[in-house]
Each structure stands twice: as C-alpha cells, then as structure tokens.
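Take a look at the structure set out below.
2 protein chains.
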Amino acid sequence: MPKFNNILIIGLGMMGGSLCKSIKKNKLSRKISAFDTDQDALSYALKNRIINYKVTDLVKMEHPDLIIICAPLSSYPSIVKKILLVVKKSTLVTDIGSSKGGVHRSITKLFHDSNKSFLSSHPMVGSEKSGIKFTRKDMYKNKVVFILDKESVSRASYLKLKNFWESIGSITHEIDSKTHDILMSQTSHIAHLMSYIFVKSLPQKILDENLPLLLGGGIKEHIRLSKSNPQMWTDIFLNNKSNIIKTLTRIQKNTAILKSMIKTSNRTNIKSLLENTYNKTK
Amino acid sequence: MPKFNNILIIGLGMMGGSLCKSIKKNKLSRKISAFDTDQDALSYALKNRIINYKVTDLVKMEHPDLIIICAPLSSYPSIVKKILLVVKKSTLVTDIGSSKGGVHRSITKLFHDSNKSFLSSHPMVGSEKSGIKFTRKDMYKNKVVFILDKESVSRASYLKLKNFWESIGSITHEIDSKTHDILMSQTSHIAHLMSYIFVKSLPQKILDENLPLLLGGGIKEHIRLSKSNPQMWTDIFLNNKSNIIKTLTRIQKNTAILKSMIKTSNRTNIKSLLENTYNKTK
C-alpha cells in the first residue's frame with residue numbers, strides 16, 4: 012500500500028516533473044496531483060500519466076498529505092498565501108528551493124504564524140534543461156537531499172519528510188538554513204555564477220567560428236551551466252545575496268593575486284598556488 | 012607497411028605515453044623510441060611494450076623520421092638545443108604544447124636559423140591525470156589537433172604531420188600561432204585558471220566536512236581541472252601571459268558588473284545578463 016494518499020506538486024518543471032515520475036516509479040502515493048500556471052505542462056503531464064490529477068486553483072485543492080513546492084523562489088509568496096488559506100494542519104508542506112535566504116525566511120514565518128507545518132528541502136540535483144519534457148524518473152536516486160532546520164516541525168513531520176525522500180532513493184542530510192546558504196554560496200551558487208561570467212566573457216566571434224573545436228577543458232561544463240534557467244538563478248542569486256557577495260569578494264581577491272603573479276612572471280608563486288589547490292581536494 | 016620507420020617521443024607523461032599507444036595501435040611506425048629524464052617512466056614503458064626502444068641521451072639518438080616533444084614548455088630550450096646538435100634535415104620535429112607564445116617563438120627561431128624542420132601541433136585533448144600510468148590508446152581519436160603556421164615548413168613536411176595525426180584518428184585544423192594563443196586564453200587557459208581560483212577560494216572546512224555532499228553543479232569539474240599538472244600549467248600561463256592578462260581583465264570586469272547588480276538587487280539586469288549568456292551559445 013502506498014505510504015501517501017495524495018501528494019501535490021506545485022510547479023511542473025524539470026524538477027517537479029521528475030519528482031512526480033520518481034513518486035510514481037516507487038509507488039509512493041495513491042494519487043499524484045499537480046498545479047502549474049502553465050496549462051500546457053499540466054496537459055502534457057496528464058496525457059503522459061506523469062500525474063493523475065490537475066489542480067486548477069490552489070485554494071480549491073483536495074487535502075494532500077504532502078505538498079512540494081517546485082516553483083521559482085519569486086513565486087513562493089503568492090503560492091504560500093493561497094496554500095495557507097486552505098491547508099490542514101496535518102498536511103506537511105516542503106519545497107526544493109536552492110536558497111534558504113530572503114523568501115524562505117519570510118514564508119517560514121508565515122507558516123509558523125499560522126501554526127502549519129513547513130519543513131524545507133534542497134535536493135542536490137539539477138540540470139541545465141528546463142521543462143516537463145526533460146523529466147527523469149531516476150533524477151533523485153542516490154542524490155543528497157538537505158533537510159533544513161528539522162527542529163522547526165514535530166518529529167513526526169520530520170520523519171515523514173525524511174522517509175519520503177529516502178523512499179525515492181535520496182540520501183538525506185540535516186543542516187541549518189544559515190550554514191546551508193553559506194555552503195551553497197561557496198559551491199553550487201558561485202560555480203553557476205562563474206560559468207555565466209565565463210560565457211559572458213567569451214567573444215561571440217569564437218563561438219560563431221570555432222566552438223566545435225574547443226569543447227574540452229571545462230568549456231563544455233561552463234556552457235552547460237550557463238544554460239541553466241535564468242529566472243531561477245536570478246532568484247537564487249538575490250535570495251543568497253550577502254553570502255554570494257562575500258564569496259565573490261574572495262574570488263576577486265584570489266583572481267587579483269594570481270593575475271599579479273602572472274603579470275610579474277612569478278613562476279615560483281604561481282606553481283606553489285597551483286600545487287596548493289592540487290593538494291587541497293585530495 | 013608502417014608509414015614511419017622510427018618515431019621518437021620526448022617526454023613519457025600521460026600525453027606522450029598515450030601518443031605511443033595510439034601509434035602502436037594504428038601500426039604507424041616500425042619503431043617507437045622515447046626519451047625521458049624519468050628512468051622509471053622509461054622502464055615502465057619498455058616493460059609494458061608501450062615503446063620499443065629507450066633513448067638515454069638525446070645527442071645519441073638514432074635518426075627518427077618524426078620527433079614529437081611532449082615535455083613541459085619550460086624544458087623545451089634544453090631539449091631543442093640537444094636535438095639541433097644531431098637532427099637531420101629530413102627529420103620533422105613537432106610538439107604538443109598548449110601555448111605558442113614565448114618559448115615556442117624562441118625555439119621556432121632556433122629551428123629556422125638551423126634550417127631544420129619544425130612544425131608545431133596542439134591536440135585539444137588532456138586530462139587532469141599525469142604520468143605514464145594514465146595513458147590511453149584512444150586519447151587522440153576524434154579529437155581536434157591544431158597545426159600551427161603551416162607555411163613555416165615545406166608542403167611535404169606539412170602533409171607528413173597532417174597525415175600522422177589523421178592516421179591516429181585526430182581531426183586536424185590549421186591556425187596561426189597568434190590566433191591560437193588568443194583563442195586558448197579565452198577558452199581552455201582561462202577555464203583552468205578559473206578552476207584553480209574556484210578551488211583556492213573554497214574554505215578548507217567545506218572540503219573536510221562536506222565535500223561528498225557537494226559534488227554537482229560544476230564543482231566536480233572545477234576540482235577535476237584544478238588537479239591538472241601544476242608545472243605544466245605554470246608554463247602555459249607564463250607563455251601565454253599577455254593574452255591571459257587581457258582575458259582575466261575582461262573576466263574581472265564582468266564579475267564586477269554582476270556583483271554590483273546583485274548588490275543592488277537589480278533583478279531586471281541580472282535576468283537579462285543571464286538570458287544573454289543563455290542565448291549566446293545556442
């Protein structure tokens with residue numbers, strides 16, 4: 012028998028759609044419902060049996076036992092406002108957003124003030140591809156999912172969420188939202204930011220004339236990351252603003268140091284810096 | 012019958028060793044000779060039949076029809092000095108260096124002044140792994156190999172080199188050394204440099220405590236590139252110094268622009284910058 016009766020996915024993009032497929036594959040819920048402002052995505056999901064039921068208006072939703080918000084961060088406030096109008100106390104609400112800063116703090120407060128259960132998640136998965144057509148049923152398998160600030164809900168709710176992720180094959184890891192955002196700013200967020208800068212700095216002439224010759228040495232990866240959803244990443248950069256600014260400042264400092272070593276042909280110091288990074292991740 | 016009688020590889024690292032294996036696999040030379048200052052690499056290559064013959068002193072080499080320098084750029088001057096003492100006019104000398112700047116210019120002049128044939132190559136292949144134990148017989152297959160300034164040798168020599176690379180499955184592409192170095196500074200060289208900076212900027216605490224959780228979103232690729240040979244990359248950065256400084260300046264400028272947009276929460280401009288990079292490589 013499925014562990015859940017009705018799971019509602021809000022936002023049927025690549026991440027949300029893949030989540031539906033993972034739930035279905037693992038027979039985790041009797042029913043998979045979805046809401047999206049994009050009617051084409053909903054029709055596609057129904058037609059391809061990725062979901063069982065489409066919710067046309069959030070305030071008219073049936074009562075799911077789990078709601079997972081898979082929409083861009085900037086749409087959270089309007090979504091949460093509607094959820095809070097109708098959601099029962101027994102329903103656990105989670106999300107999969109990459110930043111637990113600004114928007115996250117404000118909606119956490121809304122749930123808390125309404126005495127409703129919200130426990131945030133962040134699966135360390137993703138792709139530069141956007142949209143329901145790029146969904147994969149194994150997207151979350153063997154991937155780390157952060158569970159944020161677990162003490163903000165009852166132990167039962169926490170275990171329910173942990174169990175959900177583990178049932179689709181993910182590896183859960185608890186973290187507080189502040190540490191999470193610092194960690195992300197120094198890794199995933201700055202990596203995406205640097206790839207956007209890398210591609211922005213590539214002269215168009217190179218791309219037009221020589222791109223197929225050059226797809227090695229990290230360039231492919233930079234181009235792949237720079238194809239990530241612009242709306243989603245604008246939201247992430249702004250929601251994790253202060254940490255990202257700090258990380259960027261460190262990157263700028265190290266760039267200036269290495270640049271100056273190259274400028275002055277300081278072979279010993281360049282080699283030593285390169286050897287340090289070589290050994291750092293051993 | 013093999014197209015070559017004796018090919019001499021100077022430098023039995025991952026690149027040179029893989030070249031030996033490719034030559035052997037394609038039955039391209041009756042004999043494969045090698046020179047390296049590392050006696051262990053030579054013994055390993057002989058024992059594992061990667062080469063047929065080890066050259067213990069370059070000035071005592073037999074007369075190969077093709078010499079390929081696969082050593083770090085900073086060792087070129089001493090190697091070339093020895094080669095020029097004994098090499099015949101009929102022998103074609105090439106190399107596989109990633110930068111065609113400083114060292115390249117000076118050794119090209121030495122060959123030219125001695126009226127000997129030197130035509131430089133740059134295969135767009137590589138790996139963060141160093142050493143003879145990481146060699147692969149298919150490393151050069153279906154990969155682009157730049158042939159630099161082809162007019163600097165006779166048409167026969169040029170065709171000999173082109174034919175060599177194509178016989179091991181590479182795709183040759185002609186380019187002048189100046190354009191090549193600009194192109195590399197804006198792509199492969201800057202990608203490596205940014206990965207060194209990325210890893211240098213990662214707090215050690217993250218690496219010690221959380222690394223296995225974070226290997227996605229480009230971080231894996233940055234760590235991989237930062238494991239490239241420090242000696243080799245010090246040489247490359249210094250040999251392509253002026254182009255790299257120019258590219259770095261552009262990267263710094265774009266970093267400052269994006270940072271300022273984030274700082275001032277300029278959502279419209281961030282999204283527009285991200286959309287531009289998204290569309291740029293379509």
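These protein sequences, in sequence, are chains A and B. For what it's worth, my numbering labels the leading residue of the first sequence as 12, then goes sequentially. For what it's worth, my numbering labels the leading residue of the second sequence as 12, then goes sequentially. By construction, the Cβ of each residue, glycine as well, lies at the ideal position given by its N, Cα and C atoms.
Residue i: which of the options sits nearest, CA to CA?
{"i": "Pro223(B)", "options": "Thr183(A), Lys36(A), Asn221(A)", "result": "Thr183(A)"}
{"i": "Pro75(B)", "options": "Ile21(B), Ser89(B), Thr48(B)", "result": "Ile21(B)"}
{"i": "Phe209(B)", "options": "Val210(A), Ser212(A), His203(A), Leu213(A)", "result": "His203(A)"}
{"i": "Ser109(A)", "options": "Lys189(A), Asn126(A), Lys32(A)", "result": "Lys189(A)"}
{"i": "Thr146(A)", "options": "Asp219(A), Ser33(A), Pro88(A)", "result": "Ser33(A)"}
{"i": "Lys14(B)", "options": "Ile256(B), Glu232(B), Lys171(B)", "result": "Lys171(B)"}
{"i": "Gly137(A)", "options": "Gly227(B), Lys148(B), Ile158(B)", "result": "Gly227(B)"}
{"i": "Val66(B)", "options": "Pro88(B), Asn277(B), Ile94(B), Leu194(B)", "result": "Ile94(B)"}
{"i": "Thr105(B)", "options": "Leu19(B), Asn153(B), Gly180(B), Leu69(B)", "result": "Leu19(B)"}
{"i": "Phe175(A)", "options": "Lys140(A), Leu77(A), Gln263(A), Lys99(A)", "result": "Leu77(A)"}
{"i": "Tyr289(B)", "options": "Leu69(A), Cys81(A), Phe46(A), Ser237(A)", "result": "Ser237(A)"}
{"i": "Pro88(B)", "options": "Ser117(B), Cys81(B), Lys71(B)", "result": "Ser117(B)"}
{"i": "Lys293(B)", "options": "Ile234(A), Thr258(A), Lys148(A)", "result": "Ile234(A)"}
{"i": "Asn16(B)", "options": "Leu57(B), Ser44(B), Met26(B), Gly27(B)", "result": "Ser44(B)"}
{"i": "Ile62(A)", "options": "Asp68(A), Gly28(A), Met272(A)", "result": "Gly28(A)"}
{"i": "Glu185(A)", "options": "Leu103(A), Val155(A), Gln263(A)", "result": "Val155(A)"}
{"i": "Gly180(A)", "options": "Val98(A), Asn37(A), Met12(A)", "result": "Asn37(A)"}
Within 8 Å (strictly less), CB to CB, does residue i reach chain A?
{"i": "Glu185(B)", "result": "no"}
{"i": "Ile158(B)", "result": "no"}
{"i": "Pro83(B)", "result": "no"}
{"i": "Ser237(B)", "result": "yes"}
{"i": "Phe248(B)", "result": "yes"}
{"i": "Ile262(B)", "result": "yes"}
{"i": "Ser199(B)", "result": "yes"}
{"i": "Thr245(B)", "result": "yes"}
{"i": "His233(B)", "result": "yes"}
{"i": "Ile230(B)", "result": "yes"}
{"i": "Gly108(B)", "result": "no"}
Over what stretch of residues does the beta strand (DSSP E) that includes residue i continue unbroken?
{"i": "Lys42(B)", "result": "40-46"}
{"i": "Leu19(A)", "result": "15-21"}
{"i": "Phe145(B)", "result": "Premise fails: Phe145(B) is in no beta strand (DSSP E) and is neither H nor E."}
{"i": "Ile107(B)", "result": "Neither: Ile107(B) is in no beta strand (DSSP E) and is coded neither H nor E."}
Return yes when the Cβ of residue j is within less than 8 Å of the Cβ of residue i, no when it is not.
{"i": "Lys291(A)", "j": "Gln215(B)", "result": "yes"}
{"i": "Ser206(B)", "j": "Gly229(A)", "result": "yes"}
{"i": "Ser163(B)", "j": "Thr119(B)", "result": "yes"}
{"i": "Tyr64(B)", "j": "Lys42(B)", "result": "yes"}
{"i": "Ser178(B)", "j": "Leu30(B)", "result": "no"}
{"i": "His133(B)", "j": "His200(B)", "result": "no"}
{"i": "Leu225(B)", "j": "Tyr169(B)", "result": "no"}
{"i": "Leu121(B)", "j": "Ile247(B)", "result": "no"}
{"i": "Asp160(B)", "j": "Asp187(B)", "result": "yes"}
{"i": "Ile158(B)", "j": "Asn254(B)", "result": "no"}
{"i": "Thr245(A)", "j": "Leu259(B)", "result": "no"}
{"i": "Asn250(B)", "j": "His115(B)", "result": "yes"}
{"i": "Ile143(A)", "j": "Ala52(A)", "result": "yes"}
By the DSSP assignment, the alpha helix (DSSP H) with residue i in it spans what residues?
{"i": "Leu130(A)", "result": "First-last for Leu130(A): undefined, no H or E at that position."}
{"i": "Leu204(A)", "result": "199-212"}
{"i": "Ile256(A)", "result": "252-274"}
{"i": "Gly227(A)", "result": "Premise fails: Gly227(A) is in no alpha helix (DSSP H) and is neither H nor E."}
{"i": "Asp219(A)", "result": "215-221"}
{"i": "Ile34(A)", "result": "25-36"}
{"i": "Val97(B)", "result": "87-97"}
{"i": "Leu1(B)", "result": "Chain B is shown from 12 up to 293; residue 1(B) falls before or after that span and cannot be answered."}
{"i": "Asn277(A)", "result": "Taken as a continuous stretch (DSSP letters only), Asn277(A) belongs to no alpha helix (DSSP H), as it is neither H nor E."}
{"i": "Asp51(A)", "result": "50-58"}
Looking at the strands, I want to know which residues DSSP matches up with residue i.
{"i": "Glu185(A)", "result": "Ile158(A)"}
{"i": "Ile78(B)", "result": "Leu19(B), Val104(B)"}
{"i": "Lys65(A)", "result": "Ala45(A)"}
Chain B beta carbons: is any one of them nearer than 8 Å to that of residue i?
{"i": "Tyr169(A)", "result": "no"}
{"i": "Asp135(A)", "result": "Here the sequence assigns Met to residue 135(A), which means Asp is not the residue at that position. Judged by the 8 Å Cβ criterion, Met135(A) is in contact with chain B."}
{"i": "Thr288(A)", "result": "yes"}
{"i": "Gln50(A)", "result": "no"}
{"i": "Ser276(A)", "result": "yes"}
{"i": "Pro241(A)", "result": "yes"}
{"i": "Asn265(A)", "result": "yes"}
{"i": "Leu259(A)", "result": "yes"}
{"i": "Gly24(A)", "result": "no"}
{"i": "Ala202(A)", "result": "yes"}
Is residue i a contact residue of the ligand HEM, with contact defined as CB to any heavy atom under 7 Å?
{"i": "His133(B)", "result": "With respect to the ligand HEM, the structure shown offers nothing to examine, as it has no ligands at all."}
> Relative to chain D, which residues along the segment 205-221 of chain B have a C-beta separation below 8 Å, given in chain order?
Replying inline: In the structure shown, chain D does not exist; the protein chains are A and B.
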